[in-house]
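In the numbering used here, the protein residues as written are 83 to 580. Idealized CB from N, CA, C, for every residue including glycine. Note that the structure is a prediction, hence the values are computed from the model and not measured. Report on the following structure.
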Ligand code: ADP
């Protein structure tokens with residue numbers, strides 16, 4: 083399997099995509115497979131602390147009417163033998179940020195990722211790799227399945243190479259003006275509403291969906307939701323047409339980094355048997371760190387994330403002032419994002435310093451300490467392809483309160499009579515898109531927190547779950563096998579024939 087992506091930890095990261103692309107190959111290797119990873123050689127890769135060496139392999143690819151040269155570099159994923167190849171072309175990738183600067187996308191993003199996508203296919207030939215699956219991710223690599231099917235599959239080395247396209251967020255589609263079609267070098271006949279065109283524009287996410295042998299996304303629920311107008315961001319029709327080969331596989335969590343039993347950032351380590359005492363210590367330490375009164379007799383509600391509407395901060399904004407005034411509970415909010423939320427939370431913290439602490443920054447250590455020290459984790463997202471924070475919360479014994487959507491719906495089981503009796507309840511969730519549903523559900527969680535026996539059951543149910551990457555990697559392997567078998571028998575390929 084060759085994983086092609088525009089970011090992966092520990093080399094370059096802007097979001098959850100990087101976590102998946104860095105973690106999945108490691109787990110596949112552990113299961114006895116031979117994955118490799120290919121990334122652009124951004125300026126940031128130099129800061130990974132890992133040795134990166136030139137391979138002495140140069141190539142040129144056509145970009146519109148010109149040719150552009152590139153070089154291959156090599157490294158390994160930390161602590162493994164998994165090879166990582168980098169496509170070097172400094173004009174495109176040696177920049178301050180990955181995709182945008184000062185809030186504006188780079189104007190040549192289409193050209194940059196046409197180049198990277200062509201380079202991925204060339205690298206297979208130049209490195210003499212035997213690739214059964216090219217696993218591509220998001221719009222930046224959406225052209226890879228198209229180039230594979232249209233230009234490369236006729237060549238012996240690529241005959242048995244299948245492609246899987248994974249969607250990490252439907253909202254980012256890589257849309258460009260139609261003349262950028264010329265950069266791809268593909269025939270205008272593919273610029274039609276079934277394949278590469280979307281309302282007159284070139285759409286690289288759609289291109290990936292149309293040409294990949296199979297498609298996946300990062301939770302089973304999101305796989306269903308994106309086939310509807312409410313979540314499909316205009317591409318629901320294309321996704322419906324792919325539903326026979328559309329899979330939903332939840333992301334795992336990196337347990338080397340997120341494990342309360344070993345986490346060096348915490349005031350105390352704990353496991354499912356020692357959670358009550360461990361979390362008591364972590365809560366007191368967190369309260370002290372963020373300047374809240376050290377009270378054990380009130381619930382501490384945590385929130386971490388991008389301060390954006392996607393994460394449901396608009397719902398929170400509608401209820402939080404009243405909620406804080408009326409309830410004896412504490413809040414710790416960590417995040418950066420839209421200025422209106424910065425202002426709102428800052429004012430709230432000023433008005434209620436004994437109840438609300440706010441940190442408008444990106445701080446991984448504080449994120450760990452909130453996951454450990456909070457009692458309740460609030461994540462009322464409007465949509466959530468998978469979501470990682472609710473998974474960290476489960477692992478750290480912090481009970482999630484979520485909106486029932488996407489990966490949140492797949493991972494959080496609302497505490498009701500039946501789910502408690504069955505031992506599956508691990509949090510609280512609500513379906514309706516309104517602030518009173520959020521208030522009521524939060525109140526339900528606080529009531530439950532005041533019943534320690536019940537609460538300890540919820541904590542233990544969450545902490546005992548297996549959310550490791552091993553589980554997700556096994557599911558990816560099954561999908562790979564199905565796609566490879568399909569392509570070899572001509573089955574899957576026909577479903578999306580060009
Ligand atoms: P998304 O990728 O949509 O932003 P996820 O829940 O999938 O949301 O992943 C977000 C990741 O970024 C998590 O690991 C979360 O802890 C982290 N994160 C987000 N905002 C912050 C912040 N302000 N400080 C520290 N970590 C953050």
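**Request:** Kindly examine the ligand ADP and report whether one of its heavy atoms sits closer than 7 Å to the Cβ of residue 468.
**Result:** yes
**Message:** Quick check on DSSP: helix, strand or coil for residue 137?
**Reply:** strand
**Message:** The alpha helix (DSSP H) that contains residue 450, what's its start and end?
**Reply:** 446-455
**Asked** Excluding sequence positions up to five away, which residues of its chain have a Cβ less than 7 Å from the Cβ of residue 526?
**Response** 510
**Request:** Using 7 Å as the cut-off, classify the Cβ of residue 418 as near or not near the heavy atoms of the ligand ADP, replying yes or no.
**Result:** yes
**Asked** Cα separation between residue 547 and residue 288?
**Response** 35 Å
**Message:** When you compare the CB of residue 436 with every CB in chain D, is at least one pair closer than 8 Å?
**Reply:** Among the chains in the structure shown there is no chain D, since it carries only a single protein chain.
**Message:** My output table needs one value for residue 86: the three-state DSSP class, helix, strand or coil.
**Reply:** strand
**Asked** Can residue 457 and residue 480 be called in contact, C-beta distance under 8 Å?
**Response** yes
**Request:** Using alpha carbons as the reference points, say which of 213, 524, 390 lies closest to residue 239.
**Result:** 213
**Message:** Is residue 242 near the ligand ADP - that is, is its Cβ less than 7 Å away from at least one heavy atom of it?
**Reply:** no
**Request:** State yes or no: is the C-beta of residue 326 within less than 8 Å of the C-beta of residue 568?
**Result:** no
**Asked** Which residues share a DSSP beta bridge with residue 232?
**Response** Bridge partners of residue 232: none, in fact.
**Item:** Residues near residue 400 in its chain [Cβ-Cβ closer than 6 Å; skip 5 each side]
**Value:** 517
**Prompt:** Starting from residue 118 and walking both ways along the beta strand (DSSP E), at which residues does that stretch end?
**Reply:** 118-122
**Request:** Within its chain, find whatever has a CB closer than 6 Å to the CB of residue 252; leave out the 5 residues flanking it on each side and keep chain order.
**Result:** 308, 315
**Three CB pairs or more closer than 8 Å across the stretch 437-453 and the stretch 401-421** = yes
**Message:** Using CA atoms only, rank isn't needed, just tell me which of 555, 504, 384 is closest to residue 104.
**Reply:** 555
**Asked** Is residue 388 near the ligand ADP, in the sense that its beta carbon is under 7 Å from a heavy atom of that ligand?
**Response** yes
**Request:** Take residue 79 as the anchor and find which of 293, 290, 270, 291 has the nearest alpha-carbon.
**Result:** Since the first residue of the chain shown is 83 and the last is 580, residue 79 is not available in this structure.
**Message:** Our contact map puts residue 250 next to residue 98 with C-beta atoms below 8 Å; I'd like the distance itself, whole angstroms only.
**Reply:** 6 Å
**Prompt:** First and last residue of the beta strand (DSSP E) that includes residue 244?
**Reply:** 244-249
**Request:** Might you give, ordered along the chain, the residues of its own chain that have their beta carbon closer than 7 Å to the beta carbon of residue 579, omitting 5 neighbours on each side?
**Result:** For residue 579, the pLDDT reaches just 36, beneath the cut-off of 50, and the residue's location in the model is therefore unreliable, leaving the point undetermined.
**Assigned exposure category for residue 338 - 16 Cβ within 10 Å defines buried** = exposed
**Prompt:** Which class does residue 579 belong to by DSSP, given the choice of helix, strand or coil?
**Reply:** With a pLDDT of only 36 at residue 579, under the threshold of 50, the placement of this residue in the model should not be trusted, and no figure is reported.
**Request:** Tell me whether residue 101 is buried or exposed, calling it buried when 16 or more other Cβ atoms sit within 10 Å of its Cβ.
**Result:** buried
**residue 545 - partner residues in DSSP beta bridges** = Per DSSP, none; premise fails for residue 545.
**Three-state secondary structure assigned by DSSP to residue 550** = strand
**Request:** Answer yes or no: do residue 459 and residue 482 have a C-beta to C-beta separation smaller than 8 Å?
**Result:** yes
**Prompt:** Can the beta-carbon of residue 225 be found closer than 8 Å to that of residue 199?
**Reply:** yes
**Prompt:** Below 8 Å, can you find three or more Cβ-Cβ pairs linking the stretch 417-436 to the stretch 344-357?
**Reply:** no
**Item:** Counted within 10 angstroms of its Cβ, other Cβ atoms place residue 375 as buried (16 or more) or exposed
**Value:** exposed
**Message:** Just list the residues that DSSP pairs residue 63 with in beta bridges.
**Reply:** With the chain represented from 83 up to 580, any question about residue 63 goes unanswered, as that position is not in the structure.
**Request:** Label residue 276 either buried or exposed according to how many other C-beta atoms from any shown protein chain fall within 10 Å of its C-beta, with 16 as the threshold for buried.
**Result:** exposed
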